[in-house]
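The UniProt record's numbering puts the sequence shown at residues 1 to 386. Glycine included, C-beta positions come from ideal geometry on N, C-alpha and C. Encoded as structure tokens, the structure appears first; notes follow it.
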Amino acid sequence: MMDVISGLGANLGTLSSSLLGYVIPFLFVLTLVVFFHELGHFWVARRAGVRVVTFSLGFGPEIAGFNDKHGTRWRIAAIPLGGYVRFFGDEDAASTPDSARLSQMTAAERNESFFYKPVAWRAAIVAAGPIANFLLAIAIFAIVFMVFGKQVTAPRVDQINPGSAAEMAGFKPGDLVLEIDGAKVDSFSDMQRIVGSHAGQPLAFTVARGDREVTLTATPELKEVKDPFGNSHRTGLLGISRSLAAGDVTTQRFGPVEAIGMGVQETWFVVARTFDYLGGLVAGRESADQLGGPIRIAQVSGQVATFGIGALLSLAAVLSVSIGLLNLFPIPLLDGGHLLFYAFEAIRGRPLSARTQDIGFRIGLALVLMLMIFATWNDVLHIAAM
Numbered sequence: 001m002m003d004v005i006s007g008l009g010a011n012l013g014t015l016s017s018s019l020l021g022y023v024i025p026f027l028f029v030l031t032l033v034v035f036f037h038e039l040g041h042f043w044v045a046r047r048a049g050v051r052v053v054t055f056s057l058g059f060g061p062e063i064a065g066f067n068d069k070h071g072t073r074w075r076i077a078a079i080p081l082g083g084y085v086r087f088f089g090d091e092d093a094a095s096t097p098d099s100a101r102l103s104q105m106t107a108a109e110r111n112e113s114f115f116y117k118p119v120a121w122r123a124a125i126v127a128a129g130p131i132a133n134f135l136l137a138i139a140i141f142a143i144v145f146m147v148f149g150k151q152v153t154a155p156r157v158d159q160i161n162p163g164s165a166a167e168m169a170g171f172k173p174g175d176l177v178l179e180i181d182g183a184k185v186d187s188f189s190d191m192q193r194i195v196g197s198h199a200g201q202p203l204a205f206t207v208a209r210g211d212r213e214v215t216l217t218a219t220p221e222l223k224e225v226k227d228p229f230g231n232s233h234r235t236g237l238l239g240i241s242r243s244l245a246a247g248d249v250t251t252q253r254f255g256p257v258e259a260i261g262m263g264v265q266e267t268w269f270v271v272a273r274t275f276d277y278l279g280g281l282v283a284g285r286e287s288a289d290q291l292g293g294p295i296r297i298a299q300v301s302g303q304v305a306t307f308g309i310g311a312l313l314s315l316a317a318v319l320s321v322s323i324g325l326l327n328l329f330p331i332p333l334l335d336g337g338h339l340l341f342y343a344f345e346a347i348r349g350r351p352l353s354a355r356t357q358d359i360g361f362r363i364g365l366a367l368v369l370m371l372m373i374f375a376t377w378n379d380v381l382h383i384a385a386m
């Protein structure tokens, strides 16, 4: 414990000196993602005729705000770690019903209240937030592919590490990877991404060797590597590398239709990789220390920003998918928890009792707080180890 504290203290000076470089990219990424998440809730609520009382970016005291013509208070709050939309009849930002207020509503007020809308409308309003996150990610990825393009390096094997999975599988220098498990491989980075997410799982490689095609089976090894910023990551490795010569790397830009299709593929890859990680966590293949909180996001945002706006936008897209997916988990307090309650209501023909919902929200709050504390502690350990 003392080693962690002393390590943390030794690195706080470095962290604070580059704080501005972290904070601005972090606020840009998080605000963009949160705004569109809440905008999804807001837009569908307006379509349903629900009165929106507050649209808040952040929590706590208001820094700035205004009222629109419909009476919604748009506000920027002091703690920029999320946001919320509060509907007419809600007791708080978590959309907990205000029972006393609801029982005294007139017929006209009930018509504007979220609570009194049919369950299908309430489910649509709640689901709209995560859906907006997925659509935002697709749009960002598409813009990046159209404007900044994609760097393409031929998936050719130039060097093989002795004793590696690639050597045991029979790879040879000069092999050109065409497919992995039947999926076409267009670049070396595509190959790295597939291999990296399948540690410990046999993969079938179709490679071009001279004038013939050969099928090889290799199992990537799970290893810990460091990125250019010194951050440690666990990933699958074959033990092959590519020697880049002049002109080996090309940048390919795409038209709108193809870019949108690739945006969908990238978004689905993040979803699939997240479930792979969670499955690996349960099976013991992955470590929980890879989970990060706001501090880690801020740090990564600052690091990625050094590569330019295209890289920062890509990070925002990945974060948008992650937040959308997290919010769909069936945990009370999150959007998925609300959807779970609505599913029970649709099946039973009536809502769960107020007491049952209250207990659920308390359990959900405890789970979310524990996850936040755990992720933040991981962030602290990560800073101490730098």
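| Asked | Found |
| --- | --- |
| Please list, in chain order, all residues of the same chain as arginine 156 whose beta carbon is under 8 Å from its beta carbon, the five residues on each side excluded. | Gly174, Asp175, Leu176, Val177, Phe188, Arg242 |
| Rounded to whole angstroms, what is the Cα-Cα separation between histidine 37 and glutamate 109? | 26 Å |
| Could I get the ranges of all uninterrupted alpha helix (DSSP H) runs contained in the segment 26-100, with 4 residues as the minimum, in chain order? | none |
| Please classify lysine 184 as buried or exposed, where buried requires at least 16 neighbouring CB atoms within 10 angstroms. | exposed |
| Per DSSP, what kind of secondary structure is phenylalanine 134 in: helix, strand or coil? | helix |
| Alpha carbon to alpha carbon, how far is alanine 100 from glycine 89? | 9 Å |
| Alpha carbon to alpha carbon, how far is valine 29 from lysine 117? Give it in angstroms, no decimals. | 33 Å |
| Pull up the distance between the alpha-carbon of phenylalanine 66 and that of serine 320, whole angstroms please. | 26 Å |
| According to the neighbour-count rule (16 or more other Cβ atoms, all chains shown, within 10 Å of its Cβ), is isoleucine 138 buried or exposed? | buried |
| In chain order, what residues of the same chain lie with their CB nearer than 6 Å to the CB of serine 6, ignoring the 5 residues before and after it? | Low confidence applies to serine 6: its pLDDT is 43, below 50, so where it sits in the model is not reliable, and the reading given next is rough at best. For serine 6, where only same-chain residues beyond five positions count, there are no Cβ hits under 6 Å. |
| Just verifying my parser: in three-state terms, what is the DSSP assignment at arginine 296? | helix |
| Taking its Cβ as the centre, do 16 or more other Cβ atoms sit within 10 Å of threonine 267, making it buried, or is it exposed? | buried |
| Using the C-alpha atoms, what's the distance from glycine 82 back to alanine 64? | 16 Å |
| DSSP three-state label for glycine 236, please. | strand |
| Within 10 Å of its beta-carbon, does isoleucine 140 have 16 or more other beta-carbons around it, so buried, or fewer, so exposed? | buried |
| Kindly indicate which three-state DSSP category threonine 153 falls into: helix, strand or coil? | strand |
| Tell me whether the beta-carbon of isoleucine 260 lies closer than 8 Å to the beta-carbon of alanine 142. | yes |
| I'd like to check one pair, methionine 146 with phenylalanine 307: are the Cβ atoms closer than 8 Å? | no |
| Starting from the N-terminal side, write out each stretch of the alpha helix (DSSP H) that is 4 residues or longer and does not extend beyond the segment 316-376. | 335-348 |
| Residues in its own chain within less than 6 Å of serine 56 by CB, not counting five upstream and five downstream? | Arg75, Ala77, Gly83, Tyr84 |
| What is the residue span of the alpha helix (DSSP H) that arginine 110 lies within? | 107-112 |
| Within 10 angstroms of the Cβ of phenylalanine 275, are there 16 or more other Cβ atoms? Answer buried if so, exposed if not. | exposed |
| Report yes if the CB atom of glycine 129 is closer than 8 Å to the CB atom of histidine 41, and no otherwise. | yes |
| To the nearest angstrom, report how far apart leucine 315 and methionine 105 are at their CA atoms. | 45 Å |
| Tell me whether alanine 183 sits in a helix, a strand or coil according to DSSP, three-state version. | strand |
| So, are the CB atoms of threonine 219 and valine 152 less than 8 Å apart? | no |
| In three-state terms, what does DSSP make of phenylalanine 148? | coil |
| Roughly how many whole angstroms lie between the Cα atoms of leucine 369 and glycine 336? | 16 Å |
| Any idea what DSSP makes of threonine 250, helix, strand or coil? | strand |
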